[in-house]
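Notes follow the structure.
Number of protein chains: 2
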Amino acid sequence: MIRLLLIDDDITLTALLAEYLQKDGFHLTVVNDGITGLRYCQQQQFELVILDVMMPQLDGISVLKQLRHFSNVPVIMLTARGEDLDKVIGLELGADDYIAKPCLPRELSARIKAILRRVQQNNNQTELKLGALHIKPVSRNVSLHQHMIELTGAEFNILYLLAQYAGSIVSKAELSQQALGKPLGSYDRNIDVHISHIRQKLGKLPAGQQWITSVRGKGYQFTYPFGGGE
Amino acid sequence: MIRLLLIDDDITLTALLAEYLQKDGFHLTVVNDGITGLRYCQQQQFELVILDVMMPQLDGISVLKQLRHFSNVPVIMLTARGEDLDKVIGLELGADDYIAKPCLPRELSARIKAILRRVQQNNNQTELKLGALHIKPVSRNVSLHQHMIELTGAEFNILYLLAQYAGSIVSKAELSQQALGKPLGSYDRNIDVHISHIRQKLGKLPAGQQWITSVRGKGYQFTYPFGGGE
DNA sequence: TAATAAATTCAAAAAACGTTGAATAGCGCA
DNA sequence: TGCGCTATTCAACGTTTTTTGAATTTATTA
Numbered sequence: 030m031i032r033l034l035l036i037d038d039d040i041t042l043t044a045l046l047a048e049y050l051q052k053d054g055f056h057l058t059v060v061n062d063g064i065t066g067l068r069y070c071q072q073q074q075f076e077l078v079i080l081d082v083m084m085p086q087l088d089g090i091s092v093l094k095q096l097r098h099f100s101n102v103p104v105i106m107l108t109a110r111g112e113d114l115d116k117v118i119g120l121e122l123g124a125d126d127y128i129a130k131p132c133l134p135r136e137l138s139a140r141i142k143a144i145l146r147r148v149q150q151n152n153n154q155t156e157l158k159l160g161a162l163h164i165k166p167v168s169r170n171v172s173l174h175q176h177m178i179e180l181t182g183a184e185f186n187i188l189y190l191l192a193q194y195a196g197s198i199v200s201k202a203e204l205s206q207q208a209l210g211k212p213l214g215s216y217d218r219n220i221d222v223h224i225s226h227i228r229q230k231l232g233k234l235p236a237g238q239q240w241i242t243s244v245r246g247k248g249y250q251f252t253y254p255f256g257g258g259e
Numbered sequence: 030m031i032r033l034l035l036i037d038d039d040i041t042l043t044a045l046l047a048e049y050l051q052k053d054g055f056h057l058t059v060v061n062d063g064i065t066g067l068r069y070c071q072q073q074q075f076e077l078v079i080l081d082v083m084m085p086q087l088d089g090i091s092v093l094k095q096l097r098h099f100s101n102v103p104v105i106m107l108t109a110r111g112e113d114l115d116k117v118i119g120l121e122l123g124a125d126d127y128i129a130k131p132c133l134p135r136e137l138s139a140r141i142k143a144i145l146r147r148v149q150q151n152n153n154q155t156e157l158k159l160g161a162l163h164i165k166p167v168s169r170n171v172s173l174h175q176h177m178i179e180l181t182g183a184e185f186n187i188l189y190l191l192a193q194y195a196g197s198i199v200s201k202a203e204l205s206q207q208a209l210g211k212p213l214g215s216y217d218r219n220i221d222v223h224i225s226h227i228r229q230k231l232g233k234l235p236a237g238q239q240w241i242t243s244v245r246g247k248g249y250q251f252t253y254p255f256g257g258g259e
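Chains C and W supply the protein sequences, listed in that same order.
Position 41 of the first sequence, counting from 1, maps to 70 under the working numbering, and the rest follow consecutively.
Position 52 of the second sequence, counting from 1, maps to 81 under the working numbering, and the rest follow consecutively.
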């Protein structure tokens with residue numbers, strides 16, 4: 030079941046879209062303001078978020094900005110016709126698509142499917158092989174040079190998330206949200222502790238570096254492809 | 030420079046789009062039929078392809094199918110309004126987006142940027158080789174004549190940014206913003222201090238000059254190509 | 001050449017990260 | 001339900017990195 034979150038204050042429109050999208054096989058959750066929407070995203074996993082730009086209190090662009098602190102979930106923006114597109118999809122906000130209102134449910138549905146298709150290419154449950162390190166999400170086990178590494182649940186989640194984005198930085202906020210299922214608190218050292226444990230279990234790379242590099246103030250990064258041997 | 034390929038038989042439209050997109054900073058190549066388009070894709074690299082669905086001889090969908098045999102380049106489809114959207118997006122063709130014709134150049138440009146942004150998130154990690162200096166962003170390490178140089182995070186960010194723009198001046202404001210993630214303050218000596226550290230770790234060029242030249246009042250510049258030896 | 005502005009360097013303070021061990025929470029099982 | 005086990009979280013302290021402030025050097029201009 031594919032779970033979508035629709036964040037829009039327009040009751041009439043949400044009702045219409047909800048009906049169509051549910052008929053189309055999506056599981057839709059509707060909230061009517063940005064604050065609630067953000068809270069929902071922290072509490073549960075959605076495959077995709079549909080976000081209205083024009084909302085009272087907290088507008089869609091601000092919501093997206095905050096959302097991006099802890100999640101890479103695909104987002105479709107709903108905009109009034111004539112709004113500044115560059116602002117909506119351009120400015121490093123990371124929206125994946127936008128649709129002008131009033132929109133055809135049909136078109137929305139088609140775009141949702143297109144984006145999910147693209148995302149799921151990367152995001153499936155396939156086994157990751159990074160050098161001698163094999164990660165199997167289905168059985169949740171990890172091996173290094175054919176030797177099983179015993180990781181706890183949280184450790185596995187963190188390693189898998191980092192490995193999925195191998196070579197690029199993942200923020201602590203996102204790691205906490207996605208791997209531990211809760212937002213990062215202030216003075217929250219949890220991720221650091223888990224990373225420390227993972228490093229101890231994984232040891233060092235042949236070249237002597239860490240598997241996981243820390244990027245001060247930004248997050249952690251899985252080292253890949255490897256520099257020296259391997 | 031970002032190179033786009035536009036494949037469309039409608040001369041009027043291509044002229045219009047070409048003008049706008051070039052003004053927007055893209056380098057645009059236009060061809061008027063699918064066969065030629067495919068040939069171009071085989072011969073040179075494009076960052077993104079814009080492909081009309083309705084074309085004589087070889088229609089856009091067939092072009093896309095063949096293109097996918099040898100390339101994963103992002104593709105935006107241009108469709109006539111009213112065509113069956115699901116056919117276009119749904120058929121697992123691997124198009125990244127579609128736009129209904131007649132389209133606003135503005136909208137096309139925004140969508141191009143959105144897609145490139147997403148693609149470059151993964152692909153913006155090219156290894157740089159400048160003489161004996163190798164910089165690997167995926168493992169965040171730097172080596173000089175095969176010897177590892179231990180740089181801290183901020184030092185790495187600054188060096189990588191300068192090396193990306195090797196030969197041209199990068200302002201302190203930009204260095205601070207991009208590498209340290211915060212705007213340059215007044216009386217801010219941060220960048221200078223980091224540059225000083227980087228220089229100490231890198232030593233001098235064979236010819237005796239600095240790897241990084243300071244340009245008084247303007248910023249810093251990675252010395253390249255090198256004057257003397259190297 | 002003197003005055004001024006910018007850049008370099010050093011040293012110390014502040015912030016972020018690494019690690020450890022103890023406290024707490026969650027789970028299976030009798 | 002209560003016990004025992006393990007995983008997770010919390011708190012503390014040491015280390016490293018970044019930032020800040022000040023002294024010194026270098027470049028520019030009058």
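The beta carbon of each residue, even a glycine, is placed where N, CA and C say it ideally should be.
This one's a predicted model, so the numbers in the text were calculated from it and none came from an experiment.
CB contact flag (residue i, residue j, <9 Å)
| i | j | result |
| --- | --- | --- |
| Ala202 of chain C | Phe251 of chain C | no |
| Glu184 of chain C | Ile241 of chain C | no |
| Val92 of chain C | Met83 of chain C | no |
| Leu107 of chain C | Asp81 of chain C | yes |
| Arg110 of chain C | Ala124 of chain C | no |
| Asp53 of chain W | Ser138 of chain W | yes |
| Leu133 of chain C | Leu231 of chain C | no |
| Gly261 of chain W | Ser200 of chain W | No answer is possible for residue 261 of chain W: the residues shown for chain W start at 30 and end at 259. |
| Asn170 of chain C | Met177 of chain C | yes |
| Ser205 of chain C | Ile220 of chain C | yes |
| Phe99 of chain C | Gln175 of chain C | no |
| Gly246 of chain C | Gly210 of chain W | yes |
| Phe255 of chain C | Ser215 of chain W | no |
N-terminal and C-terminal residue of the alpha helix (DSSP H) that residue i is part of
| i | result |
| --- | --- |
| Lys165 of chain W | No alpha helix (DSSP H) contains Lys165 of chain W, which is instead part of the beta strand (DSSP E) from Leu162 to Lys165. |
| Ala183 of chain W | Gly182 to Gln193 |
| Val92 of chain C | Gly89 to Phe99 |
| Val222 of chain C | Asn219 to Leu231 |
| Lys201 of chain W | Lys201 to Leu204 |
Contacting residues, own chain, Cβ-Cβ under 7 Å from residue i (five flanking each side not counted)
| i | result |
| --- | --- |
| Ala192 of chain W | Leu157, Leu159, Ile164 and Phe251 |
| Phe75 of chain C | Arg32, Leu33, Leu34 and Val102 |
| Gln51 of chain C | Leu57 |
| Tyr253 of chain W | Leu159, Ala195 and Gly196 |
| Val244 of chain W | Ile198 and Gln250 |
| Gln260 of chain W | What is shown of chain W runs 30 to 259, which leaves residue 260 of chain W out entirely. |
| Tyr189 of chain C | Ile164 and Pro166 |
| Leu173 of chain C | Ala161, Leu162 and Leu231 |
| Thr43 of chain C | Leu35, Asp37 and Val59 |
| Gln95 of chain C | Leu67 |
| Leu45 of chain W | Pro134 |
| Glu112 of chain C | Val82 |
First and last residue of the uninterrupted beta strand (DSSP E) at residue i
| i | result |
| --- | --- |
| Tyr249 of chain W | Gly248 to Phe251 |
| Arg32 of chain C | Ile31 to Ile36 |
| Val171 of chain C | Asn170 to Leu173 |
| Ser215 of chain C | No beta strand (DSSP E) contains Ser215 of chain C, which DSSP labels as neither H nor E. |
| Leu107 of chain W | Val104 to Ala109 |
| Thr242 of chain C | Ile241 to Val244 |
| Thr126 of chain W | Before going on, a small fix: residue 126 of chain W reads as Asp here, not Thr. Start and end: Asp126 to Lys130. |
| Leu159 of chain W | Leu157 to Leu159 |
Own chain, CB closer than 8 Å to residue i, minus 5 neighbours either side, in chain order
| i | result |
| --- | --- |
| Gln86 of chain C | Asp62, Gly63 and Ile64 |
| Gln60 of chain W | Correcting the residue identity first, residue 60 of chain W is Val in this sequence and not Gln. Correct list, in chain order: Leu34, Leu35, Ile36, Gly66 and Tyr69. |
| Ile105 of chain W | Leu77, Val78, Ile79, Leu80, Ala124, Asp125, Asp126, Tyr127, Ile128, Leu137, Arg140, Ile141 and Ile144 |
| Thr155 of chain C | Pro166 |
| Ala47 of chain C | Leu35, Leu57 and Val59 |
| Asp88 of chain C | Gly63 and Val82 |
| Gly119 of chain W | With a pLDDT of 48 at Gly119 of chain W, under the threshold of 50, the predicted position of this residue should be treated as unreliable, though the coordinate-derived value follows. Within the same chain, Gly119 of chain W has no close Cβ partners at all. |
| Gln71 of chain C | Phe99, Gln206, Lys211 and Pro212 |
Contacts around residue i, its chain only, beta-carbon distance under 6 Å, and the 5 residues preceding and following it disregarded
| i | result |
| --- | --- |
| Met30 of chain W | His56 |
| Tyr49 of chain C | Pro134 |
| Arg146 of chain W | none |
| Arg97 of chain W | Gly123 |
| Leu180 of chain W | Val171 |
| Pro131 of chain W | none |
Proximity test, residue i beta-carbon vs the ligand GTP heavy atom, cut-off 8 Å
| i | result |
| --- | --- |
| Leu42 of chain W | Summarising the ligand content, the structure contains no ligands, and the ligand GTP is consequently not present. |
Under 7 Å (Cβ pairs) to chain W, residues found in the segment 215-244 of chain C: For the segment 215-244 of chain C, which is checked against every Cβ of chain W, the residues closer than 7 Å are Gln238, Thr242 and Val244.
Contacting positions in the segment 42-73 of chain W - beta carbon closer than 9 Å to chain C: none
Beta strand (DSSP E) segments (min. 3 residues) lying fully within the segment 39-83 of chain W: 55-60 and 77-81
Residues, ordered as in the chain, of the segment 170-202 of chain W that lie near chain C by beta-carbon distance below 7 Å: Taking 7 Å as the Cβ-Cβ cut-off against chain C, the residues of the segment 170-202 of chain W that qualify are Asn170 and Gly182.
Contact list for the segment 75-107 of chain C against chain W, Cβ threshold 8 Å: none
Chain W contacts made by the segment 153-169 of chain C, where a contact means CB separation under 8 Å: none
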